[in-house]
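K.L.:
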Amino acid sequence: MHECFERSKDAYTGRDLVEDVIFSIGSKLKRLNFKGFYTVILEENDDMVFVATVRVYGDRVAGMPLVATRFIHRRRYICRVLVDELERI
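For the sequence shown, our numbering begins at 1 and goes up steadily by one.
1) Note the first and the last residue of the continuous alpha helix (DSSP H) segment covering R88.
2) By alpha-carbon positions, which one of A11, G58 and I22 ends up nearest to P65?
3) How would you label V51, buried or exposed, when you count the other beta carbons within 10 angstroms and need 16 or more for buried?
4) Please report whether the beta-carbon of K30 lies at a distance below 8 angstroms from any beta-carbon of chain B.
5) Does the structure place the segment 30-43 close enough to the segment 9-21 that three or more beta carbon pairs sit under 8 angstroms?
6) Locate the beta strand (DSSP E) running through L42, then write down its first and last residues.
Quick look at the structure:
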């Protein structure tokens, strides 16, 4: 994910926000509570191609705040395929 996003540290805790979202880290602070996020990873021949975080409320997908496709795999419409599959559910 860091290939596509610069590290983003919380000013008060010093935690890496991208990693907290990917690993669905909870917190007592509402702005840092990332429970309910799921990470979707697509690999091809043991090579990571695409990563997305999906937030779920109840039985509905609420959003994808982080989506990353490695530079060498861009323009293959992988994100479109994921969105189409999530809409089918």
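Every residue, glycine too, gets a C-beta built ideally from N, C-alpha and C.
P.N.:
A quick look at the data gives this:
1) Taking the sequence shown and counting its residues from 1, one reaches residue 88 at position 88. In the DSSP annotation of this structure, the continuous segment of the alpha helix (DSSP H) that includes R88 starts and ends at I78 to R88.
2) For the purposes of this step, residue 65 is taken as the residue at position 65 of the sequence shown. Checking every option, the nearest Cα to that of P65 belongs to I22.
3) Residue numbering aside, residue 51 sits at position 51 when the sequence shown is read from its first letter. Around the CB of V51, 16 or more other CB atoms lie within 10 Å, so the residue is classed as buried.
4) Here there is only one protein chain, and chain B is not present.
5) Inter-segment contact for the segment 9-21 and the segment 30-43 is present: three or more beta-carbon pairs are separated by less than 8 angstroms.
6) For the purposes of this step, residue 42 is identified with residue 42 of the sequence shown, where counting begins at 1. That run of the beta strand (DSSP E) goes F37 to E44.
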